[in-house]
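Here the sequence shown stands for residues 703 to 1176, where the numbers follow the working numbering. We put the CB at the ideal spot given by N, CA and C, even for glycine. Below is one structure, written out as structure tokens; comments come after it.
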Amino acid sequence: SESASEQNLPGLFRGEYEREMERWFRTRFLLLCAVFALLEIFALGTYLLIWWASSMQAPERLVPADQAVLRQGFDSLTLPAAFASSVAHFAILAVFALIRTRRVETREALVHEASWMIVLLGGVHLALESVAALLGATETFSPVQSIFFWHFSACLILPWSPRESLRPMVPRIVAYGVAALLLNQHGGVVQVRGEVLQDSGWWIEPLLSTLLLPLVLIPGMVACWWRLSRHRRRFGRRMASQGFMELRRELSQARKIHESLFPHPSKHEDVEFDLLYRPMRELGGDFVQAWTDPLDRFHAVVIDVTGHGLAAAMTVNRLAGELDRIRAENPLISPSAVLAGVLLMSIPRVLTIDPHTGRLVVANAGHPAAVLRRRNGGVESRESTAYLLGAIAHTEFEVTEEVTWLQPGETLILVTDGVIEARDRRGRVFGESRLREACSRQPAPPRWSEFLASQIDQWSGGILHDDLLIATMS
């Protein structure tokens, strides 16, 4: 069954859908005019062939069908009526196909023109059929075949809705009903030759026939519904595919711009900085910024914005600009002051390392604990020193700083929730204990960021449940 998202897709692309429907209807309307013209040519050719056959052969030698045509006054009435009908139909088709459709642009206007064309074509047919019945060229007046033909043929070609297909049929049914009441007597038979029978209930049968006449429209309406439903689904899937591919291209470009905000791995004095970033989607909410101040101290800010995807990435861009402003105003700013300056819905960790003394100052607002790997392979955790930013009012926000010393050969490892909360096939999280165990590996890998990322890939099977960022300083 069609999903709710597929049902709403044409609404999401309303402009494109209306434009395509307008082009489609215009093409099919011209096709309908061509089909009607070919049918007129075929019908006129058939009448000419019968007339030629009747003029070349004696009536008694004709086949029964041709004899019936002659008995109905073919020689004197049918051929002139056929010519008159064809000329009128050709004129109407030419006017609408070559003139009127070029003056309208919207689909609604095209539906209006198509409805009027079918009404006029039917009106000509009804007038000639009524005249033929009055003059005795036909013995019966039956609108069922005519209504069915005009409606069903139009519905097979025109991509309009069931309701729109009824527009030209309502006046035609009314006109045919009036003509049937006037022309049909005694079961709908017009007695031209012979005695005219009077019956007080002569009007009942044509009236019932007229009331039941809309039933012949059901096949055409079903065809309209099926075609539009099928086209709507195909259009929705096509536009969804095109929109998805376009979105992927745009997100790919946005990712390049977004990741240009990230610093490159670098080495400053005795501090070597490295990072690895993998967003859960094309864009993510994890971010790291690194710089040195006028005293040659190395600063790093790791941010994990609440949420994923585009919204989180937009918040990261805003925070990146805010951090640039903060450190431009105060190049010697402390980690706790940075946290106080970015009181937004994010989870930042700020640190400062003095490469000359190894003094490490950390301020952590809700981030997973930092892991400090010592030279002997032992690991220590540096827990959060403040609440999550945005969780409490800024007037109540307090932050402390944790001071420690980083010796040569030791590494500080910072990760975001994507590492701690990585899940395996059974739903188990990687957790801080496994992180500390991985960080105690001997000997130390060349790049801790790549090593830890490979551990997460093995644990999760390569499926990320959150943005992943690993930054190291050694």
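Could you tell me the distance, in whole angstroms, from the CA atom of residue i to the CA atom of residue j?
i, j, result
"A1173", "F946", "32 angstroms"
"E722", "V1052", "54 angstroms"
"H1010", "V1064", "26 angstroms"
"P916", "P864", "13 angstroms"
"R999", "E1103", "16 angstroms"
"I949", "V990", "The sequence shown places Leu at residue 949, not Ile. One C-alpha to the other measures close to 26 angstroms."
"G1164", "I1158", "8 angstroms"
"L746", "P845", "21 angstroms"
"V973", "A1030", "22 angstroms"
"M982", "P1070", "18 angstroms"
"H791", "F850", "18 angstroms"
"L963", "R730", "53 angstroms"
"I1028", "R1130", "40 angstroms"
"D1168", "M923", "51 angstroms"
"H1058", "G1120", "33 angstroms"
"G943", "R934", "According to the sequence displayed, residue 943 carries Ser and not Gly. Roughly 14 angstroms separates the two Cα atoms."
"A811", "M819", "12 angstroms"
"W754", "C857", "35 angstroms"
"H970", "R936", "58 angstroms"
"L764", "F744", "Its pLDDT being 48, under 50, L764 is placed unreliably by the model, and the measurement read from it follows with that caveat. Rounded to whole angstroms, L764 to F744 spans 21 angstroms at the Cα level."
"G1043", "T1008", "18 angstroms"
"V1003", "R1143", "26 angstroms"
Using 10 angstroms around the beta-carbon of residue i, count the other beta-carbons present and answer buried if the total reaches 16, otherwise exposed.
i, result
"P870", "buried"
"G1079", "exposed"
"A816", "buried"
"P996", "exposed"
"W928", "exposed"
"A881", "buried"
"S931", "exposed"
"V789", "exposed"
"S1083", "exposed"
"H966", "exposed"
"L1021", "buried"
"R852", "The sequence as given places Trp at residue 852; Arg does not occur at that position. With 16 or more other Cβ atoms within 10 Å, it is buried."
"S1156", "exposed"
Cutting at 8 angstroms between CB atoms, please list the residues of its own chain near residue i, excluding the five before and the five after it.
i, result
"A786", "L830"
"V821", "P870, P873 and R874"
"S848", "G824, H827, L828, E831 and Y878"
"S1151", "D976, L977, L978, I1172, A1173 and T1174"
"L868", "L919 and M923"
"E1112", "L1074, R1075, R1076, R1077 and S1176"
"N1019", "H960 and L963"
Can you give me the Cβ contacts of residue i inside the same chain, cut-off strictly under 6 angstroms, excluding the 5 residues immediately before and after it?
i, result
"W993", "H1001"
"A1015", "H960 and L985"
"L953", "E984"
"D988", "D1006, T1118, D1169 and L1171"
"S968", "F975"
"A1124", "F1132, I1158, W1161 and S1162"
"F727", "R809, L812 and P861"
"P1033", "D995 and P996"
Since I believe residue j is in contact with residue i (beta carbons under 8 angstroms), could you give me their beta-carbon distance rounded to a whole number of angstroms?
i, j, result
"P1050", "L1062", "The Cβ separation is near 17 angstroms, so there is no contact."
"L734", "L860", "6 angstroms"
"V1193", "R1138", "Residue 1193 cannot be examined here, being either before or after the span of the chain that is shown, 703 to 1176."
"I1005", "M1175", "That pair is no contact at about 16 angstroms."
"E1190", "R809", "Any property of residue 1190 remains undetermined from this structure, which presents the chain solely from 703 to 1176."
"R1077", "Q1109", "6 angstroms"
"A1067", "V1105", "With a Cβ gap of about 17 angstroms, A1067 and V1105 do not count as contacting."
Considering only residues of the same chain and omitting the five flanking positions on each side of residue i, which have a CB-CB separation below 7 angstroms?
i, result
"G1133", "I1122"
"F715", "M941"
"P921", "F854"
"C926", "C857, W862, S863, P864 and S867"
"R1149", "D976"
"A1166", "Before going on, a small fix: residue 1166 reads as Leu here, not Ala. Closer than 7 angstroms at the Cβ level, and outside the excluded window around L1166, lie R980, M982 and G1120."
Which runs of the alpha helix (DSSP H) at least 4 residues long sit entirely within the stretch 1105 to 1169? Give them in chain order. DSSP assignment within the stretch 1105 to 1169 yields the following whole alpha helix (DSSP H) runs of 4 residues or more, N-terminal first: 1119 to 1122, 1133 to 1141 and 1150 to 1162.
Every unbroken alpha helix (DSSP H) inside the stretch 781 to 831 [4 residues or more]: As summarised for the stretch 781 to 831, the continuous alpha helix (DSSP H) elements at least 4 residues long and confined to that stretch are 781 to 800, given in chain order.
Report the start-end ranges of each alpha helix (DSSP H) in the stretch 1014 to 1042 that is 4 residues or longer and not cut off at the edges. none
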